[in-house]
Amino acid sequence: MRFSTNFKPYVLLLVVGIFLLLGYVYFSFFSERLNRPSKPMVRSRVWNMVSPEKLLYKQPSVLVGRTDVVTVTPWLASIIWEGTFDPVLVDNIYKPMNLTIATTVFAVGKYVSFLRDFLETAEMHFMVGFNVRYYVFTDRPQDVPSVNLTQGRHLSVIQVPGSNRWQEISARRMEIIQTTIESQIRREADYIFCLDVDSKFHARWGAESLGRLVAVIHPGYYDQTRANFPYERRPASMAYIPMDEGDYYYGGAMIGGFVEDVYTLTTVCRNRFAVDAGNSIEAAWQEESHLNRYLLYNKPSKVLSPEYLWQDFKAKTKEVKVIRFSGVVKNYAEVRPNV
């Protein structure tokens with residue numbers, strides 16, 4: 036009993052000491068957490084596919100549909116063609132989400148002359164009914180045309196340096212998109228599409244194109260084997276793809292997806308550009324080569340058919356029922372600083 040009586044105060048002191056120590060650690064830990072620089076804000080990207088009640092649309096079928104084209108990749112990503120989605124149903128699911136779509140476009144040098152057609156046709160066909168923020172990168176801000184934008188759509192002009200080489204402009208594209216996502220876009224948009232300015236919209240480009248990471252199949256190679264793809268084939272380049280590898284040849288005129296996923300893509304491609312530049316290597320098709328390398332090992336969650344990236348000099352084929360977006364015919368000698 037004498038031992039027990041003398042022992043209790045020490046036990047009490049020990050317990051009090053432990054609680055004091057835990058309190059100090061707890062306070063120090065959370066105080067340090069609160070004083071850390073916060074991560075850049077990224078808008079929410081989780082939404083449910085909710086269809087409104089009493090919405091009437093054609094009954095879907097698992098037996099009837101497009102049989103002339105493949106509509107799903109081997110990794111189970113959808114390939115979007117006319118006839119594979121119901122625009123009424125898609126719009127009624129996505130429009131209530133109040134999404135904002137960032138759209139970047141580079142109008143450097145004489146390419147600013149394509150900007151009016153790009154913007155005016157986008158207002159007619161691109162993400163109609165959605166909030167859209169256009170980010171125009173140009174070295175000629177005074178030449179950016181005034182275009183009437185519908186409600187919920189905004190245009191920001193961001194000045195960038197020009198260049199005497201179109202290859203350099205192409206190479207800087209990934210870096211500029213990455214830094215603008217960091218400084219601005221990630222706080223203002225949910226999705227992003229990076230598009231070429233020397234293009235026009237001809238028909239609907241809507242919410243059926245939204246996905247985590249979105250790529251478009253190049254219209255010049257959708258019917259070719261990988262042996263004919265213009266991948267970068269030199270092993271010394273960070274864009275290198277071996278002859279026996281490759282899924283599709285993706286067009287560099289469109290990169291899309293969640294803002295944070297496109298940020299990761301542009302960061303990786305920018306870093307690989309830098310490594311190549313340090314080794315005095317320029318990939319065969321600049322950012323398009325690095326894009327294809329990235330997408331080979333980081334599979335897109337949705338693939339857009341060539342409907343979303345046609346070329347005006349090409350005749351429409353039997354597979355392409357609708358041309359939604361296409362590159363215009365141009366004289367490169369007139370618009371590029373070097374050919």
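If you're matching positions, the sequence shown starts at 36 in this note's numbering and goes up one per residue.
Glycine included, every Cβ here is placed at the ideal spot set by N, Cα and C.
Bear in mind the structure is a predicted one, so any value in this text is a computation, not a measurement.
{"Asked": "Whole angstroms are fine: how far does the CA of valine 123 sit from the CA of arginine 71?", "Found": "Low confidence applies to arginine 71: its pLDDT is 35, below 50, so where it sits in the model is not reliable enough to give any reading."}
{"Asked": "Are the region 266-276 and the region 217-227 touching by the rule of at least three beta carbon pairs closer than 8 Å?", "Found": "no"}
{"Asked": "How long is the line joining the alpha carbons of glutamine 194 and serine 361, rounded to whole angstroms?", "Found": "26 Å"}
{"Asked": "Determine the DSSP secondary structure at arginine 168, reduced to helix, strand or coil.", "Found": "strand"}
{"Asked": "Taking the Cβ atom as the reference point for each residue, do proline 180 and leucine 134 lie within a distance shorter than 8 Å?", "Found": "no"}
{"Asked": "Hey, how far is the Cα of valine 167 from the Cα of serine 336?", "Found": "22 Å"}
{"Asked": "Is it the case that the Cβ atoms of tyrosine 170 and threonine 138 are separated by a distance below 8 Å?", "Found": "yes"}
{"Asked": "State the beta-bridge partners of leucine 230 as determined by DSSP.", "Found": "Val140 and Met289"}
{"Asked": "Between the C-alpha atoms of phenylalanine 264 and alanine 250, what's the straight-line distance to the nearest angstrom?", "Found": "16 Å"}
{"Asked": "Start and end of the alpha helix (DSSP H) containing isoleucine 128?", "Found": "122-129"}
{"Asked": "Indicate the three-state DSSP secondary structure (helix, strand or coil) for lysine 356 in the structure shown.", "Found": "coil"}
{"Asked": "Could you spell out where the beta strand (DSSP E) holding histidine 189 opens and where it closes?", "Found": "188-194"}
{"Asked": "Are there 16 or more other CB atoms within 10 angstroms of the CB of leucine 98, so buried, or fewer, so exposed?", "Found": "exposed"}
{"Asked": "Where do the ends of the alpha helix (DSSP H) carrying alanine 250 lie?", "Found": "Alanine 250 -> not in any alpha helix (DSSP H); beta strand (DSSP E) instead, spanning 248-251."}
{"Asked": "State the beta-bridge partners of lysine 337 as determined by DSSP.", "Found": "Ser113 and Val249"}
{"Asked": "Phenylalanine 348 to valine 363, Cα distance in whole Å?", "Found": "8 Å"}
{"Asked": "Once DSSP output is grouped into helix, strand and coil, what is the label at serine 244?", "Found": "helix"}
{"Asked": "Compute the distance between the beta-carbons of valine 338 and threonine 108, then report whether it is under 8 Å.", "Found": "yes"}
{"Asked": "List the whole-angstrom C-beta distance separating leucine 245 from asparagine 333, where the pair is believed to meet the contact cut-off of C-beta under 8 Å.", "Found": "That belief does not hold up - the Cβ atoms of leucine 245 and asparagine 333 are roughly 18 Å apart, past 8 Å."}
{"Asked": "Quick check: the region 302-310 against the region 251-260, are at least 3 beta-carbon pairs closer than 8 Å?", "Found": "no"}
{"Asked": "Would isoleucine 136 be called buried (16 or more neighbouring beta carbons within 10 Å of its own) or exposed?", "Found": "buried"}
{"Asked": "What is the rounded straight-line gap between the Cα of leucine 326 and the Cα of tyrosine 285?", "Found": "8 Å"}
{"Asked": "Can you determine whether any heavy atom of the ligand FMN sits closer than 7 Å to the C-beta of serine 315, and answer yes or no?", "Found": "In terms of ligand content, the structure shown is empty, and the ligand FMN therefore cannot be addressed."}
{"Asked": "Between the C-alpha atoms of cysteine 304 and isoleucine 128, what's the straight-line distance to the nearest angstrom?", "Found": "33 Å"}
{"Asked": "Report the residue from Gln177, Asp279 and Met159 whose alpha carbon sits nearest the alpha carbon of leucine 184.", "Found": "Met159"}
{"Asked": "By DSSP, does tyrosine 275 sit in helix, in strand, or in coil?", "Found": "strand"}
{"Asked": "Applying the criterion that 16 or more other CB atoms from any shown protein chain within 10 Å of the CB defines a buried residue, is tryptophan 110 buried or exposed?", "Found": "exposed"}
{"Asked": "By Cβ distance, which residues of its chain are closer than 6 Å to proline 324, with the 5 residues on each side in sequence left out?", "Found": "Reading the sequence as shown, one finds serine at residue 324 and not proline. Here the set comprises Glu267, Ala274 and Ala318."}
{"Asked": "Quick one: what's got a C-beta closer than 8 Å to lysine 351's C-beta in the same chain, skipping five residues either side?", "Found": "Trp345 and Ile358"}
{"Asked": "Considering Cα atoms alone, identify which of Glu223, Glu280, Met289 and Arg175 is closest to phenylalanine 236.", "Found": "Met289"}
{"Asked": "Starting from valine 363, follow the alpha helix (DSSP H) in both directions and report where the run begins and ends.", "Found": "Careful: valine 363 lies outside any alpha helix (DSSP H) and carries neither H nor E."}
{"Asked": "In terms of residue numbering, what span does the alpha helix (DSSP H) encompassing alanine 350 cover?", "Found": "Here alanine 350 belongs to no alpha helix (DSSP H), and DSSP marks it neither H nor E."}
{"Asked": "Less than 8 Å between the C-beta atoms of valine 232 and valine 163, yes or no?", "Found": "no"}
{"Asked": "Tell me whether the beta-carbon of phenylalanine 172 lies closer than 8 Å to the beta-carbon of isoleucine 114.", "Found": "no"}
{"Asked": "Looking only at its own chain, which residues have a Cβ that is under 6 Å from the Cβ of leucine 154, when we skip the five neighbours before and after it?", "Found": "Val182"}
{"Asked": "Give me the Cα-Cα distance between phenylalanine 120 and glutamate 243, rounded to the nearest whole angstrom.", "Found": "7 Å"}
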